[in-house]
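Working notes for the structure below.
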Amino acid sequence: MPEVMFAGPDGRLEGRYHHSNEPNAPLALVLHPHPLHGGTMNNRITYALYRSFEKMGFSVMRYNSRGVGRSQGRFDGGIGEISDAAAALDWMQMVNPNASGLWIAGYSFGAFVGMQLLMRRPEITGWISIAPPAAHYDFGFLAPCPCGGLMIAGGKDELAPEPAIHKLVDKLNTQKGVEVDYRVFPEADHIFAKQVDKITNAMEDHVTRAMSALNMPLAAD
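Numbering (full-length UniProt numbering), first residue to last: 1 to 221.
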């Protein structure tokens with residue numbers, strides 16, 4: 001997984017990028033948790049998602065947002081971090097101009113950033129949001145949500161309470177043409193200490209089925 005440095009809006013950003021051997025492979029961008037609470041691209045769940053996309057034949061990137069690791073700049077309350085995500089996407093699309101699809105996957109604060117990016121980039125074909133902080137951030141911007149995706153919640157999560165996520169899912173599922181695959185792990189708290197394998201299994205199941213519905217073959221098939 002080669003290290004890459006690419007231009008962001010507030011200086012250079014540090015990432016890890018895997019380039020698929022498959023021609024025109026789909027792309028995936030993985031977003032880490034809150035930088036002020038220790039979130040980096042090396043977070044366990046962020047790393048596990050990255051490896052799962054790699055295993056499925058995607059070209060995939062995880063990166064450190066501004067001020068994290070060797071990425072330049074300072075935390076910007078979410079606004080700048082959305083621009084960082086867009087810059088990471090720009091870099092991947094420049095390297096892969098003929099990619100067959102585009103997925104974003106975010107955990108916690110990264111799920112908020114990812115969903116914001118979803119509304120700005122119509123070429124995104126699928127998304128994964130793990131423990132989105134629906135009780136702390138207003139997700140009302142998802143109107144209309146451009147496509148369905150996978151949302152995962154922990155039943156014992158106090159930082160991203162399941163009832164708030166459930167309410168968001170119900171609201172999204174009322175939108176025309178949007179179907180959210182919602183999965184709750186009853187024993188999980190916010191760090192999903194014993195559920196990483198469950199998360200990657202759910203993600204691989206969802207992505208495989210979604211790509212099949214879109215007639216986009218995966219390298220692992």
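We put the CB at the ideal spot given by N, CA and C, even for glycine.
Query, Result
"Closest to Met94 by C-alpha separation, out of Asn24, Ser71 and Gln116, would be which residue?", "Asn24"
"Quick check: the Cα distance between His37 and Ser100, rounded to an integer number of angstroms?", "35 Å"
"Sorted by chain position, which residues of the same chain lie with C-beta nearer than 8 Å to Val196's C-beta, five sequence neighbours on each side aside?", "Arg44, Ile45 and Ala48"
"So what does DSSP say about Leu13, is it helix, strand or coil?", "strand"
"Can you grab the Cα-Cα spacing for the pair Ser129 / Gly149, in whole Å?", "8 Å"
"Where does Asp221 sit, in a helix, a strand or coil, going by DSSP?", "Annotation note: pLDDT 43 at Asp221 (below 50); position unreliable, coordinate value reported separately. Coil at Asp221, not helix or strand."
"Classify Asp138: buried if its beta carbon has 16 or more other beta carbons within 10 angstroms, exposed otherwise.", "exposed"
"Please report the distance separating the alpha-carbon of residue 222 from that of Ile191.", "Lying before the first or after the last residue shown, residue 222 is absent from the chain, which here runs from 1 to 221."
"In angstroms with no decimal places, state the Cα-to-Cα distance between Arg12 and Ala87.", "10 Å"
"Have a look at Gly77, Pro163, Lys156 and Ser212 and flag the residue whose alpha-carbon is nearest the alpha-carbon of Ala188.", "Lys156"
"By a C-beta neighbour count over all protein chains shown, 10 Å radius and 16 as the cutoff for buried, is Glu14 buried or exposed?", "buried"
"Mind checking Ser52: buried by the 16 CB within 10 Å criterion, or exposed?", "buried"
"Check the DSSP bridge columns for Ala105 and list the partner residues they point to.", "Val30 and Ile128"
"Please determine, among Met151, Glu162 and Asn173, the residue with the shortest C-alpha to C-alpha distance to Ile199.", "Met151"
"Report the rounded CA-to-CA distance for Asp221 versus Gly177, giving the unit in angstroms.", "Reliability of the predicted coordinates at Asp221 is poor, the pLDDT of 43 falling under 50, and no value is obtained from them."
"Take Asn173 and list the residues in its own chain whose beta-carbon comes closer than 6 Å to its own, dropping the five residues that flank it on each side.", "Val180"
"Please report the residue range of the alpha helix (DSSP H) in which Glu204 lies.", "Val196 to Ala213"
"When DSSP labels each residue in this structure, what does Leu159 get in the three-state scheme?", "coil"
"Do the CB positions of Tyr17 and Met61 come within less than 8 Å of each other?", "yes"
"Beta strand (DSSP E) containing Ile79: first to last residue?", "Taken as a continuous stretch (DSSP letters only), Ile79 belongs to no beta strand (DSSP E), being part of the alpha helix (DSSP H) at Ile79 to Val95."
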